[in-house]
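*Asks:* Below is one structure. I have some questions about it.
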């Protein structure tokens, strides 16, 4: 670390301390902010604020629901944010990861699962150049312990940089699509024909429904049952039943990259309209995995 | 006056400059950028938080259109509404002198020549009613004299030369936060950006929260540091 970056770290620590001193934890946002700043100071060698978080939050905020309540919003910022806002969302995920791993009381242990998944989502989210710049500045200022580092914090690279590198690779050539074998093509044609009718063919419907009747158990005794059905009007109904978790529910679903509409009348029901799609688009959707997000940030696919 | 380091040259360049408010209706730099934003924020978004901000009918029709036929006239109309909404927030907040912040920084400070690097002024404007944070930026051209190492003091007026503002984004936060909670969240994000930039080449930040402006330690009318 050179002289100017050590100066920058001192300045950053001064700012973090200053904000923490003025922060009184009154709601979920305040608690998340407290944990975020305390985690940064912890990484910079000042562990006291993180040790003291239960005292700071005492009597005002119930920590687990408070942080869980923010997880969905952070997830949205990762999925829909861009530029500096996306960069800040990645930094916040990193902060919370440090806070939960390093706080000594163990009260936040329950959050490690959702935070782990949030970390995976953060690392799966491509960074644009502005976002990468924010994460790079964070990585320079906050010495995150190696074992807790997100991939983006370990090496923040923006899409622009990736494109620039790719363009310089001497042998860079376009991806060549391979020809399909005849047999495969025939199957696909058959599949297409099944998807071209006014209603799904019975054989197609059965195969689809057999493939999409699943169940499983998640950590914490949460049981998830999920199934999908094809209706005569080419709509796909996705049903998810969650039991065993405290007020857990399915909040969104998507088929491949296509978001499903939530049925406001029935909990855990989602709908994808395929009537207006071409047979080709329908056949592609039918083989896509269905991903369901739960209210605690966990996701299941089937 | 001869200044040795590029850092000092940049700071001297910023010395005397003042924030430029967003006056003319800003737009996205390219139509493709606007389309990307509309698809990401309004068309593919999972929740219904945009319904109360843009016309319900246009949003619904555009979503159906986009899902079934791809980009079409309804999506076009939605894009025009979205761009207008974000632009109006930027212009209005700057006109009122409230709820917005300016930041002047050097991008690509590691560039080998002064002309490769650039100075950028970014405006963050937030709207309490819609809970939207609008961000726009303009590029300020580096003076030729900087490359030669000579400083021509810039007058204390704005702009110091540069392109018009271009919209970078308009992000809508959860509407369930109180007004005070939303303001607090924005302030924290701006604080973070300022802190993270302190290790990089930040020239100055000016925050306008009604009724008067708060100026960061790096005052725009003085040499910083």
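Chains as they are written, first to last, in the numbering used here: chain W, 42 to 343; chain E, 97 to 321. Heads up, the beta-carbon is just placed ideally off N, CA and C, and yes, glycines get one too.
Can you check whether the CB of residue 119 (chain W) is closer than 8 Å to the CB of residue 130 (chain W)?
*Replies:* yes
*Asks:* If I'm right that residue 333 (chain W) touches residue 281 (chain W) with Cβ under 8 Å, what's the distance once you round it to whole angstroms?
*Replies:* 5 Å
*Asks:* Starting from residue 139 (chain W), trace the alpha helix (DSSP H) in both directions and tell me its first and last residue.
*Replies:* 124 to 143
*Asks:* Which same chain residues end up closer than 7 Å to residue 122 (chain W) when comparing Cβ atoms and leaving out the 5 residues on each side of it in sequence?
*Replies:* 130
*Asks:* Flag this pair as yes or no: are the beta carbons of residue 102 (chain W) and residue 135 (chain W) separated by less than 8 Å?
*Replies:* Their beta carbons are not under 8 Å apart, which means residue 102 (chain W) does not touch residue 135 (chain W) by this criterion.
*Asks:* Count Cβ pairs between the segment 291 to 309 of chain W and the segment 241 to 248 of chain W that sit closer than 8 Å; are there 3 or more?
*Replies:* no
*Asks:* For chain W, is any of its Cβ atoms less than 8 Å away from the one on residue 284 (chain E)?
*Replies:* yes
*Asks:* Return the CA-CA distance between residue 152 (chain W) and residue 303 (chain W), expressed in angstroms with no decimal places.
*Replies:* 26 Å
*Asks:* My assumption, with CB atoms under 8 Å, is that residue 229 (chain E) sits in contact with residue 267 (chain E). Please give the rounded CB distance.
*Replies:* 5 Å
*Asks:* DSSP three-state call for residue 77 (chain W): helix, strand or coil?
*Replies:* helix
*Asks:* Look at residue 313 (chain W) and residue 265 (chain W) and say whether their C-beta atoms are less than 8 Å apart.
*Replies:* no
*Asks:* Cα-Cα, which of W:62, W:259, W:269, W:240 is closest to residue 252 (chain W)?
*Replies:* W:269
*Asks:* Which first and last residues belong to the alpha helix (DSSP H) in which residue 304 (chain E) is found?
*Replies:* Element bounds for residue 304 (chain E): not the alpha helix (DSSP H) but the beta strand (DSSP E), 298 to 305.
*Asks:* For a cutoff of 8 Å on Cβ pairs, would you count residue 125 (chain W) as touching chain E?
*Replies:* yes
*Asks:* Considering only their Cβ atoms, is the gap separating residue 64 (chain W) from residue 71 (chain W) smaller than 8 Å?
*Replies:* yes
*Asks:* What did DSSP end up calling residue 250 (chain E) once you bin it into helix, strand or coil?
*Replies:* Caution is warranted here: a pLDDT of 44 is assigned to residue 250 (chain E), below 50, making its placement in the model unreliable, and the coordinate value is therefore given only provisionally. Residue 250 (chain E) falls in the coil class under three-state DSSP.
*Asks:* Indicate whether at least one CB of chain E lies closer than 8 Å to the CB of residue 86 (chain W).
*Replies:* Among the CB atoms of chain E, none fall inside 8 Å of the CB of residue 86 (chain W).
*Asks:* Suppose the cutoff is 8 Å on Cβ atoms and the five residues either side in sequence are ignored; what does the same chain contact list for residue 66 (chain W) look like?
*Replies:* 72, 75, 97, 98, 101, 102
*Asks:* Taking residue 322 (chain W) as the reference, give the member of W:259, W:234, W:261, W:255 with the closest Cα.
*Replies:* W:234
*Asks:* At a Cβ threshold of 8 Å, is residue 75 (chain W) touching chain E?
*Replies:* no
*Asks:* Could I get the ranges of all uninterrupted beta strand (DSSP E) runs contained in the segment 262 to 310 of chain W, with 3 residues as the minimum, in chain order?
*Replies:* 263 to 271, 276 to 284, 291 to 296
*Asks:* Ignore the nearest five residues each way along the sequence and tell me which others in residue 109 (chain W)'s own chain have a CB closer than 6 Å to its CB.
*Replies:* 337
*Asks:* Mind checking if residue 259 (chain E) is an interface residue toward chain W, Cβ cutoff 8 Å exclusive?
*Replies:* It does not; no Cβ of chain W falls within 8 Å.
*Asks:* When you compare the CB of residue 182 (chain W) with every CB in chain E, is at least one pair closer than 8 Å?
*Replies:* yes
*Asks:* Along the beta strand (DSSP E) that carries residue 266 (chain E), what are the first and last residues, could you check?
*Replies:* 262 to 268
*Asks:* Please list, in chain order, all residues of the same chain as residue 183 (chain W) whose beta carbon is under 6 Å from its beta carbon, the five residues on each side excluded.
*Replies:* 81, 84
*Asks:* If I follow the unbroken beta strand (DSSP E) through residue 355 (chain W), where does it start and stop?
*Replies:* No answer is possible for residue 355 (chain W): it lies beyond the span of chain W, which begins at 42 and ends at 343.
*Asks:* Is the Cβ of residue 280 (chain E) closer than 8 Å to any Cβ of chain W?
*Replies:* yes
*Asks:* When the Cα of residue 236 (chain W) is compared with those of W:260, W:191, W:277, which residue comes out closest?
*Replies:* W:277
*Asks:* Please list, in chain order, the chain W residues whose beta carbon lies closer than 7 Å to that of residue 293 (chain E).
*Replies:* 178
*Asks:* Please give the ranges of any beta strand (DSSP E) in the segment 117 to 154 of chain E, keeping only runs that are unbroken, at least 3 residues long and fully inside the region.
*Replies:* none
*Asks:* Return yes when at least one heavy atom of the ligand MN lies under 7 Å from the C-beta of residue 184 (chain W), else no.
*Replies:* With respect to small molecules bound, the structure shown includes none, and the ligand MN cannot be examined in it.
*Asks:* Once DSSP output is grouped into helix, strand and coil, what is the label at residue 235 (chain E)?
*Replies:* Secondary structure at residue 235 (chain E): strand, using DSSP grouped into helix, strand and coil.
*Asks:* Using only alpha-carbon positions, find the residue among W:176, W:155, W:92, W:46 that is nearest to residue 192 (chain W).
*Replies:* W:176
*Asks:* Would you tell me roughly how many angstroms separate the C-alpha atoms of residue 48 (chain W) and residue 291 (chain E), rounded to the nearest one?
*Replies:* 12 Å
*Asks:* Excluding the 5 residues preceding and the 5 following residue 344 (chain W) in the sequence, name in chain order all residues of the same chain whose CB lies nearer than 6 Å to its CB.
*Replies:* The requested residue 344 (chain W) does not occur in the structure, where chain W is confined to residues 42 to 343.
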